[in-house]
Every structure is written in structure tokens, then in C-alpha cells.
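Those protein sequence lines, which keep their order, are chains A and B.
Residues 1 to 290, numbered by my numbering, are exactly what the first sequence covers, in order.
Residues 291 to 602, numbered by my numbering, are exactly what the second sequence covers, in order.
Think of the CB as a built atom: it goes at the ideal place given N, C-alpha and C, for glycine as much as any other residue.
None of these values were measured; they are calculated from a predicted model.
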Amino acid sequence: MSRTLISQAQLRRGRGKYLYWTLLAVVVVGFTLVFLGPLYWMVTGALKSGQEIAQTPPTLWPRDPQTQNYVDAWNNLDLAKLMFNTFYYAAGAVFFQLVFDTAAAYALSKLRPAFGNVILGLMLATLMIPAMVLIVPQYVTAIDLPIIHVNLLDSPWAIWLPLVANAFNIFLLKRFFDSIPEDLIAAAQVDGASPLRTLWSIILPMSRPILGVVSIFAVTAVWKDFLWPKLVMPSPETRTLSVGIYAFSGGTPQNVVIAASVIAAIPTVIIFLLFQRNIMSGLTTGSLKG
Amino acid sequence: MAIMTAPSAVTTTKAPPATVSKRGRKLRDNLTGHAFLIGAVVCFALFMWYPMIRGIVMSFQRTRRGETTWVGWDNYTRIIADPSFWIAWKNTFIFTIMALVVGYVLPFFVAILLNEFRHAKGYLRILVYLPVMLPPASALFLFKYYAYDPSDAGLFNAILKFLHLPTSEWMQSPTMTIPAMVIASTWMNMGSAVLIYLASLQNIPGELYEAAELDGAGIWRRIWSVTIPQTRLILALLAMLQIVATMQLFIEPLILANGAGTQDSATSVAYLIYQHGFFQNDLNGAAALGVIMLIVLAAFSAVYVRLTTKQD
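Spelled out as C-alpha cells, the structure:
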């Protein structure tokens with residue numbers, strides 16, 4: 001453990017030790033209340049009856065737990081369908097991002113074709129464009145693709161293809177591939193391996209951690225996205241979870257909306273708890289040391 | 291921005307007098323490389339590069355009953371004449387500044403604090419990042435229905451009442467709308483900033499603190515003279531990213547305030563783009579507003595980069 005702002009020794013001695021443990025206890029309790037508290041309130045609140053939720057002061061634990069709210073949310077909002085749609089879009093997003101973005105990053109890092117740097121520069125430049133600025137022309141493009149004149153509304157491609165255009169992923173992958181020694185690639189070439197073969201048998205097996213990070217980001221991006229799926233998936237059959245819940249929120253009792261929100265949040269929370277190490281390392285390596 | 295200056299100057303690679311087989315191989319290698327790139331390039335072209343140009347073109351056109359005509363600055367004058375235009379900018383700026391004061395300074399100090407602890411590190415880190423993983427719609431319904439319930443049964447009002455503080459109407463009160471959106475947005479998003487700061491704090495060499503302490507620097511002095519200069523780059527980068535992100539405020543007004551909010555107190559520029567484009571059937575006006583937003587953000591970024599690089 002390297003030294004930080006306050007030295008180890010200072011924290012171990014008398015007053016420092018006392019202060020350290022008090023502060024730690026305060027922060028642990030405080031953070032639990034601030035970050036876990038609202039989630040507790042959400043999960044238990046959705047178990048209360050409409051009467052109990054309107055009561056002052058609010059009850060800490062539902063007196064008569066109404067699991068019916070969760071059942072209603074599941075049935076009335078057709079959450080199974082919404083959940084399936086979101087999973088389907090997320091799976092496709094992972095697949096297409098892995099295929100196209102890895103291939104592109106491999107080309108930019110190892111094959112280095114002519115104008116590769118120009119293309120990389122144009123891709124990275126898109127990181128500077130705020131998403132809201134592009135929303136209208138992107139929508140106009142999606143309802144009438146140039147040249148082939150296809151309408152992507154209500155088609156999963158409308159979610160998958162724009163997600164491939166992710167400069168951050170390509171940058172992450174390229175940086176990882178850059179760190180793979182050139183000798184390995186040269187050796188494979190001497191053995192007569194084609195570029196595809198090199199990518200498949202040498203680069204990809206070495207890149208599992210970064211591929212994991214990209215996949216997790218793809219899933220959470222689809223799960224959290226709201227405006228784009230709302231625009232390009234207008235019919236009730238193709239909606240995602242967030243959009244579906246929003247669409248129903250007007251005519252549904254509050255507790256049922258909250259119950260649906262809890263159900264919608266479960267998959268990402270599970271993914272987070274399972275893969276928190278990968279997520280955190282991806283988040284920090286991606287943004288640092290650019 | 292940078293993307294608009296697409297290099298059209300194709301540097302004709304006049305191949306040196308080489309053998310045909312060498313040239314052929316080079317061409318083949320290039321073709322293979324571009325074959326690997328093509329999928330991503332097509333997606334970028336369709337959903338990033340083309341829409342960027344299309345947005346600017348659209349902002350000078352008007353499409354009525356399938357017929358598109360050039361209308362000069364009409365879309366811009368119409369959008370600026372909209373009474374909500376200035377209100378939306380005002381709200382967006384106030385939100386951005388408040389979100390910056392709270393959501394930028396707070397994560398830095400949280401990260402410094404977490405970095406000092408030798409225990410419960412993993413647990414605290416998970417807690418801070420947990421809200422980031424929730425779908426924003428889920429988190430915002432929680433705030434809307436439970437936290438910002440204007441009666442005394444609401445979570446925040448119950449706490450305020452318990453502490454004998456005056457309760458608030460939250461989203462029903464025009465003055466509380468923006469602060470309430472800042473609280474929700476900071477709660478949802480601060481986790482990523484905290485983790486990024488934590489990573490950069492861990493790169494600070496311990497000797498610097500050692501030396502500062504030997505020179506008699508107290509804790510605040512050490513933060514000021516060691517921590518902040520050492521994390522300067524990441525601090526500058528995150529400030530910019532955060533401003534660009536908060537200027538695009540959209541889902542908070544949409545869900546918390548049903549769009550415009552009490553007396554237009556929540557209308558944001560991004561919400562106005564959405565309103566014009568998808569409810570008032572004015573995609574061209576919305577595109578013009580998008581271009582205005584792009585120019586404001588680009589101008590801001592340019593000034594910001596100039597300021598931060600000058601200090602070096």
C-alpha cells in the first residue's frame with residue numbers, strides 16, 4: 001500500500017486511529033443510506049398499498065406487503081415482452097460491436113492500411129459531437145437510409161448499427177491491440193497465417209479482458225438508453241424496458257410503475273455485481289492515460 | 291468541428307518504380323486492411339458522419355408535404371422567436387452551472403476520502419457506482435414518485451420534517467425544479483467521476499505527500515499543492531466532459547417534470563429539440579436548434595481548451 005494524503009503511521013496512533021475509525025463508520029453508514037437507502041425505499045415502497053404510501057410519516061417497512069404490485073407490473077406492462085426485446089437488442093449490440101469494432105481496431109492497430117490514421121481521426125472526432133445534436137438527422141437517416149432507401153423503424157438494426165459507430169470502443173480495443181508485441185504477429189505471418197487467422201487465434205485469445213469490458217458496456221448502453229430507442233421503436237411490440245415503462249407510466253398506479261422500475265433495474269444490477277471488477281477497470285483505463 | 295474538415299486531398303501514392311509483385315502485394319494488403327474496417331466505417335458513415343452534414347443541410351431547408359425547399363435562415367429565425375427558446379437556454383445554463391458546482395466538486399472530495407480508507411474500500415466503491423448502473427428511467431421514477439412527493443409522505447419531505455426543517459413542493463415549485471433535477475442527476479451519475487478520480491489519485495507518488503508533510507504542510511495544503519496539481523489533467527478533462535453532458539439535459543425534465551415543468555421551469559434545450567422535431571412536426575427547426583447547440587458547445591470547448599492550455 002503506497003502512501004496517500006495522510007500517512008499510515010498517523011492513522012495508527014492514538015488520536016489519529018480514533019478519528020480514522022469514527023470517520024470510516026460515519027462514511028460507511030452515510031454512503032449506505034445515500035446510495036442504498038433510495039433503492040431500499042424503491043423495493044419496499046413498491047410493496048406498500050396505495051394507502052400506505054400516502055401516509056405520514058412514511059412507514060419504514062410495509063405493514064402488509066403487497067406482492068400484487070409486482071405481479072401487476074409484470075402482467076399489465078407486459079414486462080416479459082419488454083425484457084425479451086431489451087435482451088435481444090443487447091445481445092445483438094454485443095455481437096455487432098465485437099465483430100465490427102474488433103475488426104476495425106485490429107486493422108487500425110496491426111494492418112495499418114492507407115488512410116488508416118485519417119479514418120481513426122474521423123472516428124475519434126465523433127466523440128466531440130454531443131449526441132443530442134445528431135438526434136434529428138440520425139432519425140431522418142434511420143427512417144430512410146441513403147442509397148438503399150430502407151426504413152429501419154421498429155427494426156433491431158436501428159439499435160445495432162448506430163451502436164457499432166462507437167469511437168470509444170474502437171479506441172479502447174486499438175490501445176489494447178497496440179500493446180500486443182509485433183513479433184507475435186510477424187511469427188504468425190511467417191507461419192503463413194492470414195490476417196483473419198492471426199486475429200482469431202492470436203489477438204482475440206489475448207484480449208479477453210478488453211472484449212469483456214466492451215461487451216459489458218454494450219449491454220449497459222442498450223439497457224440504459226432511452227431517447228433513441230423511444231424514437232426508432234415506436235410500436236408497443238418492439239419497445240425496450242425503459243421506454244415501455246415510461247409509455248405506461250401515465251395511466252398506471254405509481255406503485256406499479258415503481259415495481260416495474262425495480263424489475264427493469266435488476267438485470268443491470270446483477271451484471272454490475274458479477275462483473276464490477278471488469279467494469280471498474282474498463283472505466284478507469286479507458287478514460288486515463290489516453 | 292473537426293469532423294467537418296474531411297480530408298479531400300487524396301495523396302496519390304505514386305508508387306516508386308518497384309516490381310509489379312511488390313506493388314500488387316501492397317495493394318492486396320491495403321485491401322485486406324480496408325475489408326476489416328468496412329463494417330465500422332459504414333456504420334460511422336451512416337450514423338455519425340452523414341448525419342452531421344445532413345443536420346447542417348436540413349437546418350437551411352424546409353420539408354412540407356414531401357417537398358424540400360431551401361429557405362435560408364428561416365428555421366433559425368423561427369426557432370429563436372419561439373418564446374421557450376431563451377427560457378430553455380437559461381434553464382440549461384443554470385442546470386449546467388449547478389450540476390458543475392455539486393457534481394464536479396463533490397466526486398473529487400469523495401474520491402480523496404475513499405482513497406484514505408484502508409477498510410471497506412470495495413464496498414464503498416460499489417455503493418457509489420451502483421446508481422450509475424440503474425436505467426435512468428427507473429431511477430427517475432423513484433425520485434419522481436417517492437423522493438419528490440410534495441406531500442409529507444414523500445421521502446425527502448419526511449426527512450426534512452424529521453429534522454424540523456421546512457418541507458418543499460419539489461417539482462411543483464418553479465424555484466426547486468432545477469435543484470431537484472441536479473440532485474437526481476448527481477446521484478445517478480457521480481459514480482463514474484469518483485472512480486476515475488480514484489484511479490488518478492492512485493497514480494500520485496507517495497513521496498510527494500511525504501515531502502510536503504516534512505515541509506510542514508497540513509492536510510488542506512497537501513490537497514491544494516500536491517493532489518490538485520497532480521490530477522490537473524484529469525480534472526480539466528472531466529470538467530469539460532461533464533459540461534458537455536449536462537448541457538444535453540433531457541431525460542430529467544422529461545420524466546421528473548413531464549417535460550416543461552411548472553411554469554416552464556424545466557424546459558431544456560435538448561427537450562426543445564425533441565418537442566420541435568417529434569411533436570410539432572418541425573424536424574428542420576429542430577435541426578437548426580441542434581446546430582445552434584453544437585456551435586455553443588464548440589465555442590465553449592474552444593475557449594476552455596485555450597484557457598487550460600495557456601496555464602501550462
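Separation of the CB atoms of Pro-456/B and Thr-552/B is rounded to 18 Å, and the pair is thereby denied contact status at 8 Å.
Across the segment 209 to 224 of chain A, CB contacts with chain B closer than 8 Å involve Thr-220, Trp-223, Lys-224, in sequence order along the chain.
Residue environment analysis places Leu-504/B among the exposed positions, since fewer than 16 neighbouring C-beta atoms fall within 10 angstroms of its C-beta. Under a criterion of Cβ atoms nearer than 9 Å, the residues of chain B adjacent to Val-99/A are, in order, Gly-329. What Trp-41/A touches in chain B, judged by beta-carbon distance under 9 Å, is Leu-432, Tyr-436, Ala-437, Leu-445, going in chain order. Leu-274/A and Phe-217/A have their C-alpha atoms roughly 14 Å apart.
Between the alpha carbons of Arg-511/B and Ile-6/A lies a gap of roughly 12 Å. In this structure, the alpha-carbon of Tyr-366/B lies about 17 Å from that of Arg-354/B. Separation of the CB atoms of Phe-569/B and Ser-249/A is rounded to 18 Å, and the pair is thereby denied contact status at 8 Å. Looking at the backbone, the Cα of Gly-45/A and that of Pro-205/A are separated by about 46 Å. For the pair of segments examined, the segment 530 to 543 of chain B was found not to touch the segment 357 to 365 of chain B: the number of CB pairs separated by less than 8 Å stays below three. Look at Trp-21/A here: in three-state DSSP terms it is helix. Near chain B, meaning a CB-to-CB distance below 8 Å, the residues of the segment 110 to 124 of chain A are Leu-111, Arg-112, Pro-113, Ala-114, Gly-116, Val-118, Ile-119, Gly-121, Leu-122, Met-123. Between Arg-368/B and Val-361/B, the C-beta gap is not smaller than 7 Å, which leaves the two residues out of contact. Here the segment 440 to 448 of chain B makes no contact with the segment 395 to 403 of chain B; the two share fewer than three CB pairs at distances below 8 Å. Listed in chain order, the positions of the segment 25 to 37 of chain A with a beta carbon within less than 9 Å of a beta carbon of chain B are Val-27, Val-28, Phe-31, Thr-32, Val-34, Phe-35, Leu-36, Gly-37. Glu-357/B has Arg-354/B as its beta-bridge partners, per DSSP. Within chain A, the C-beta atoms nearer than 7 Å to that of Trp-339/B come from Leu-122, in chain order. Between Ala-427/B and Ile-245/A a beta carbon distance of about 6 Å is seen, short of the 8 Å cut, so the two are scored as contacting. In this model, Glu-542/B and Ser-475/B are separated by some 7 Å (Cα to Cα). When the alpha-carbon of Ala-483/B is set against those of Tyr-340/B, Ile-402/B, Gly-323/B, Lys-434/B, the nearest one is in Ile-402/B. From the beta-carbon of Val-164/A, the residues of chain B found nearer than 9 Å are Gly-329, Ala-330, Val-332, Cys-333, Phe-334, Phe-337. In the three-state scheme derived from DSSP, where H, G and I count as helix and E and B as strand, His-566/B is classed as helix. Going by DSSP, Tyr-435/B is part of no alpha helix (DSSP H) at all; its letter is neither H nor E. The Cβ of Gly-314/B sits no closer than 7 Å to any Cβ of chain A. The three-state secondary structure of Glu-237/A, taken from DSSP, is helix.
Taking C-beta atoms under 8 Å as the contact rule, Thr-382/B and Leu-539/B qualify, at a distance of about 6 Å. The beta carbon of Thr-598/B is closer than 6 Å to those of Ala-526 in its chain, skipping five residues each way along the sequence. Using beta-carbon distances, Tyr-106/A counts as an interface residue toward chain B, with a partner under 7 Å. Put simply, the CB of Phe-383/B is far from chain A, with every gap to its CB atoms at 7 Å or more.
Taking 7 Å as the cut-off, the Cβ atoms of Ala-560/B and Met-348/B do not count as close. Taking a Cβ-Cβ threshold of 8 Å, the residues of chain A close to Gln-538/B are Pro-130, Ala-131, Met-132, in chain order. Residue environment for Ile-509/B: exposed (fewer than 16 other C-beta atoms within 10 angstroms of its C-beta). Phe-226/A carries a coil assignment under DSSP once its states are collapsed to helix, strand and coil.
In this model, Phe-115/A and Lys-316/B are separated by some 14 Å (Cα to Cα).
Given a length threshold of 4 residues, each whole run of the alpha helix (DSSP H) inside the segment 120 to 163 of chain A is given here in chain order: 131 to 143.
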